[in-house]
Amino acid sequence: MCVTTRIEVTAVDDPRAARIVHLVRLLGVMGLVGCRVSRVYYLQGDLPADDIDRLSREVLIDPVVNEVIVGSPSPTSYPVVEVAPRPGVTDVEARELERAAAALGLPPLRASTARRYELIGDLDEAAVSAISRQLLANEIIELHSLGTVQPCFDSPASGEAQVNTVKLAGLGDADLVRLSREGLLSLDLGEMRAIQEHFEREGRDPTDAELETLAQTWSEHCMHKTFRARIRLEHTKSDGSVAISSHEGLLAALREVTEELAPPWLRSAFDDNAGIVAFDNDFDLAFKVETHNHPSALEPFGGANTGIGGVVRDVMGVSARPIACTNVLCFGPPDPADRDLPPGVLHPRRVRDGVVAGIGDYGNKLGLPTVNGAVIYDEGYVANPLVYCGALGLLPSGSHPTEPQAGDRIIAIGGRTGRDGIHGATFSSAGMDEATAEQAGTAVQIGDPITQKGCIEVVEQARDLRIYHAITDCGAGGFSSAVGEMGEHLGAEVDLSGVPLKYAGLEPWEIWLSEAQERMVLAVPSSRVGTLGELCEHHEVEMTDLGRFTGTGRLVVRHGETPVVDLPMEFLHRGAPRKEMVGRWADPVPEPVEMPEVDPTRVLLELLSHPTVASKEAIVRTYDHEVRGGTVGRPFVGVRADGPGDGAVLKPLGTWHHDAAVALSVGINPRIGRLDPWSMALHAIDEAVRNLVAVGGDPARVALLDNFCWGDPTKPDRLGSLVRALEGCLEGARRYRMPFISGKDSLFNEYAGEPIPGTLLISALGLVPDLHRTVASAFTRAGCDLWLVGDPSDRLGGSLVDDLLGICDRRVPPTLDEPLERYIAVHRLIADGSVTAAHDVSDGGIAVAIAEMAIGGRLGVEATVPAAGSGGILAALTNEAVGRLLLESPPARRGHLAARLGPLGRRIGVVTGSSSIEIAVAGAAEPQPLHREPVSISLDSAVRAFTGRSRES
Amino acid sequence: MTSPPILILHAPGTNRDAEAAVAVELAGGDPRIVSMTDLRRGVASMSDFGGLVLPGGFSYGDALGAGVRLALEMRTWLYEELANSVRLGRPVLGICNGFQALLKSGLLGESSGPEGRLGVTLTDNANGRFECRWVTLRVEPVFRSGWLGSLAGMKIRCPVAHGEGRVAVSDPEVVGILEAERRIAFRYLSGDGQQGGDRVAGGLYPANPNGSVGDIAGLCDATGAVVGLMPHPEDHVVDWQRPGGPPGARGLPLFKAFVDAAR
């Protein structure tokens, strides 16, 4: 007898309930006064009441805080919404419940879960519907219903493995284009023709799996067609002259500069899943940053969750043990009214909350410190948020094998394969619109970090035992791209019939293309497969033998006896026609600007409370930044640990016998990019370097990562901006003498034809020679001097104040021709102990930066900052010129600093024991107000503006 | 002096095992990270070790509640061995997820409280979020025979990093009972250990980061051999790990006392 039992568990004082009431109010829905949140478990199986009781007592109910109802739902007169994962969506809780039942020795059962919300208050149907749609459930991955939700146990739909043939022969251009569009292949006409011709030569039509394999391999996401294309750029300058240039491949150009710089500590750049540099005599560091934008737009938690999971696997894919995570997030402003949002777009607040929860969930559960990042709010990201996810790894030098051998077994380890993530790569290679959510349902997934944690342990031990010849992650394209890439020079034979599935009923092409998470593929000699199996068993990780690498140069896939794919590797990897593309960019023509009449003090307070500047504690404290015990430079600094940290400093476990540490930082400024993408690249590089130097990083040991997020590159204006930014990167790498070691592009970030602002993230990886010689941004002692390194600019284009006050300056601050000298000087001063605090000047300008140092140290300051060219007081206080750092130093070191910095630095003030922030401007074009400084605020009001807290606790 | 072998239990999802091993090693112990699989199969046995550390992490993903599944595994596979080890006075230290599992497994023992149950649990933080920040703890005067006895009054600064660390009780009088039984091993203090002196957090965020009743940060069993706490003393064993503030207040003495008790 098979019955289904419902168990409803409620925590008596669940903090989620109050949170829901708060969020409902923010939605503008009135009438909710309380909420009762419950977990619902459905158990299906032949279970006596005693067993159900035992399972409940042992694992479901905590008698101290829980109330429980077994059987029918708890009676209530209030509306109830229940939410359950759709069939096929990862439900770790249900799986663990099944395993716990097995551990208790109970008869086999199947479990499914739901959440129940009893909405207490006076709500009409429309209000309940709004709450459940906009807050409680996401229809892409969840079912929701008013009242009891039907439990869904993944149903084993049966069916023979079926391979279909897709008719290509004889199709005309229009039909080829339609086939690509309707099949979500994201292939253009030229590519469809190339495929048609190939199969004409073979004398047959392709199978569904072959067509899908080609679409994945040739997708923008996997092949980076735009970055390999031949591009002609027409660049109109502000004086009207036009410069034409051509690029023989953007990726190749980045590689070329890296090869030109070729520092001795560079181990691997652009060749593998992550860039690799030397750390010390024994270890190398691997670093990679990825994006997960489209999935995060649709299902913020799952999208960001799997974004972290994916980039961590990239680092595992170069045999490194992951040791830290980073993330940079770009959202729409958090408070627009719902009616202002484009149809089908989730509210930016919901996107933010979901993304942050997803990042925290995955990183925290993997035991990786999330140590560095940024959060930017801008109108340009309302419909298309950006979620950059980074991972750092450590590996013994020379321990990453990259040569699969003919005869090696193809071994998959990790999670099971489901229908999840089908078409992820092609889905992210097209723009989004209202219909995207419907089409892309399966492209969005929920992660399972504990399965991946097991894989991390297995891969590290397998590496140390030298069990495998090559390794890669299963990312976009799933097995098809993992096996296809690893076997590119050998050929491979795969049998899909043995792949463990989450549920039955998958067609062979779905198994082959599934982007189910938490899977790695290894090339293992037959003699070592047994040892790998033992490791997997030890860590409770599933392992599957998929087939072998052959040496025939063909990719052959079967499902049992049924042929699925038979393609030459040569055509798969080099058959796609190279693209010819055109980009156009016109520099804006400067126009005279009128500075608004404003009180600088008020502007400073507004900047400090701007969401881009203000404290990110509410977000970042939900990430574990301490795990692994090596976080030396933290996200929050100062006496109350609420000042902003500039960069992260990490001391990896296993390297405690020496004093060197790792530094990580980022630079990003989309506002400048709107006006001048070339300058954006140099500004972003400079910001990343400033941040790194500010925490003690050595500017001679910096490697850079690029991440381009742009709109549809087939539109010349988007491509023109992209190419200009790339040219800026090339110039920046040369000027700063810092190689790019890895990068990634995410294109087609558009919603209904509207692109995001082209956004370049620069991530920097550096070395701190001595972890005892790091400094933070918080003032440390009254009486210390405040120094400024670098010069201001009167150009406000791209600055936060320009955006805030609507100034519309179209001139961006100039870049630095010789940037390194100052950073080397500052680094030496930090390294010799002359500097006691350092902070970079960026978003909001120098007044914000000085205030942040004061907030961190809970100390006052009196400073006189230099005027910016012909600009007035406001420009002096808020311009975002590059190359500037603020330093705190004891007066005894005054002569030393003056000698080391020369004309690059000047003393601008003193740290005081008072509780006020006083900032004057020297040499401004306009008269200063009488009897007081232009900026005079109490420390307390600065703290309140920055932290959003009503008073000091 | 010999280094006593210390078992550091690794279940799927455990993640602060390596730091716990470093702390034990610096304290003079011989840490061995042993998997649940090996204990279950009898490849390793608790009887070979002088003490047991249950480190932090998300065992089995904490999908059924923090530490619930690990507690079940311990009850199912290790209870007799562990109980025997405790009877011999061998120290057990559960940190964060390890504390959650200890408490939910029953290894922190029974009480003279209502119905003989301990009546205390660890549940969602009061603010409903995962929280990572440094806190100040004080070792409370616990049962004299326990290995924490010599540390009473000592302060430790170290981070918390958890979502389910709020100590909650079934009845307000349980706190008084725990106190009378000297089961409260650690409390959150306000301030950084110097400034603020010995004042407890008084339930105020962020000094009490999770809303724990009575500012309780850790508990021990009636013998004082089994100790659990939410914060991470293993993340402050050397000076450079501290984010500024007054010197000292490291977690290392805690591990030294643990290792001494394991000899």
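For the protein sequence lines, the chains are A and B, in the order given. Here the working numbering is used: position 539 in the first sequence is 539, and no number is missing along the way. The working numbering runs 1000 ahead of the 1-based position in the second sequence. Even for Gly, the Cβ is constructed at its ideal location relative to N, Cα and C.
Closest to Pro866 of chain A by C-alpha separation, out of A:Gly860, A:Ala847, A:Pro206 and A:Gly332, would be which residue? A:Ala847
On a Cα-Cα basis, can you pick out the residue from A:Ala49, A:Pro713 and A:Glu139 that is closest to Gly431 of chain A? In terms of Cα proximity to Gly431 of chain A, the closest of A:Ala49, A:Pro713 and A:Glu139 is A:Pro713.
From the DSSP secondary-structure annotation, give me the bridge partner or partners of Pro322 of chain A. A:Gly393
What is the rounded straight-line gap between the Cα of Ala1222 of chain B and the Cα of Ile7 of chain A? 35 Å
Compare the C-beta of Ser1120 of chain B against all C-beta atoms of chain A and say whether one is closer than 9 Å. Before going on, a small fix: residue 1120 of chain B reads as Val here, not Ser. It does: the Cβ of Val1120 of chain B has a partner Cβ on chain A nearer than 9 Å.
Taking the DSSP output, what are the residues bridged to Trp585 of chain A? Among the bridge pairs identified by DSSP, Trp585 of chain A is matched with A:His235.
If you follow the alpha helix (DSSP H) that Ile450 of chain A is part of, which residue opens it and which one closes it? Pro449 to Asp464
Tell me whether Thr631 of chain A is buried or exposed, calling it buried when 16 or more other Cβ atoms sit within 10 Å of its Cβ. buried
Interface residues of chain B around Lys453 of chain A at Cβ under 9 Å? Listed along chain B, the residues sitting closer than 9 Å to Lys453 of chain A by beta-carbon distance are Pro1012, Gly1013, Thr1014, Asn1015, Gly1057, Phe1058 and Gly1061.
Let's test the definition: count the other Cβ atoms within 10 Å of the Cβ of Gly1113 of chain B and tell me whether it reaches 16, buried, or not, exposed. Low confidence applies here, because Gly1113 of chain B scores a pLDDT of 49, under 50, leaving its location unreliable; read the following figure in that light. Buried, by the Cβ-count rule.
Gly1113 of chain B - DSSP class collapsed to helix/strand/coil: With a pLDDT of only 49 at Gly1113 of chain B, under the threshold of 50, the placement of this residue in the model should not be trusted, and no figure is reported.
Spatial neighbours of Ala383 of chain A within its chain, please: C-beta separation below 6 Å, excluding the five flanking residues on both sides. So the list reads Pro342, Val345 and Tyr751, once near-sequence residues are dropped.
For Ser158 of chain A, three-class secondary structure by DSSP: Unreliable positioning characterises Ser158 of chain A in this predicted model, as indicated by a pLDDT of 48, which lies under 50. The coordinate reading is nonetheless provided below. Reduced to three states, the DSSP call for Ser158 of chain A is coil.
May I ask you to list, following chain order, the residues of the region 329-346 of chain A that have a beta carbon less than 7 Å from some beta carbon of chain B? none
Determine the closest residue to Gly317 of chain A out of A:Leu329, A:Ile511, A:Ile376 and A:Leu522, with distance taken between C-alpha atoms. A:Leu522
Gly643 of chain A classed as buried or exposed, judged by whether at least 16 other C-beta atoms fall within 10 angstroms: buried
Starting from Tyr42 of chain A, find everything on chain B with Cβ-Cβ shorter than 9 Å and list it in chain order. Within 9 Å Cβ-Cβ: nothing; Tyr42 of chain A doesn't reach chain B, min ~15 Å.
Quick one: using the 10 Å Cβ neighbour count with 16 as the cut-off for buried, is Asn879 of chain A buried or exposed? buried
Since Ser112 of chain A contacts Ala84 of chain A with CB under 8 Å, what's their CB separation in whole angstroms? 7 Å
From the DSSP secondary-structure annotation, give me the bridge partner or partners of Phe636 of chain A. DSSP lists A:Pro644 as partners of Phe636 of chain A.
Distance check for Pro508 of chain A and Ser158 of chain A, CA to CA, integer angstroms please. In this prediction, Ser158 of chain A has a pLDDT of 48, which is less than 50 and means its spatial position is unreliable; nothing more can be read from the coordinates.
With distances taken from CA atoms, which of A:Val613, A:Leu786, A:Lys225 and A:Tyr388 is nearest Leu964 of chain A? This structure cannot speak to residue 964 of chain A, because chain A is shown only from 1 to 953.
Could you tell me the distance, in whole angstroms, from the CA atom of Pro596 of chain A to the CA atom of Ser916 of chain A? 26 Å
Beta-ladder partner(s) of Arg1187 of chain B, from DSSP: B:Arg1138 and B:Ile1216
Between the C-alpha atoms of Met1074 of chain B and Ser1105 of chain B, what's the straight-line distance to the nearest angstrom? 7 Å
So that I know if they touch, is there some Cβ in chain B lying closer than 9 Å to that of Asp53 of chain A? no
By Cβ distance below 7 Å, which residues in the same chain neighbour Glu1019 of chain B in space, the five residues on each side in sequence not counted? For Glu1019 of chain B, where only same-chain residues beyond five positions count, the Cβ hits under 7 Å are Glu1234 and Asp1235.
How many Å lie between Gly720 of chain A and Val582 of chain A at the Cα? 8 Å
Ile1006 of chain B, enclosing beta strand (DSSP E) - first and last residue: Pro1005 to His1010
For Leu1064 of chain B, go through chain A and note every residue whose CB falls closer than 9 Å to its CB, in chain order. Val59, Leu60, Glu93, Glu96, Leu97 and Ala100
Per DSSP, cross-strand counterpart(s) of Lys502 of chain A: Paired residue(s): none; Lys502 of chain A is not in a bridge.
Pick helix, strand or coil for Phe301 of chain A, following the three-state DSSP scheme. helix
When Cβ atoms are compared, which residues of the region 1179-1198 of chain B fall closer than 8 Å to chain A? Those residues of the region 1179-1198 of chain B that come within reach of chain A (Cβ to Cβ, closer than 8 Å) do not exist; the list is empty.
At the 9 Å Cβ level, is Gly638 of chain A part of the contact set with chain B, yes or no? yes
Apart from the five residues just before and just after Ala243 of chain A, which ones in its own chain have a Cβ nearer than 6 Å to its Cβ? His235
List the residues that DSSP assigns as beta-bridge partners of Pro568 of chain A. A:Arg554
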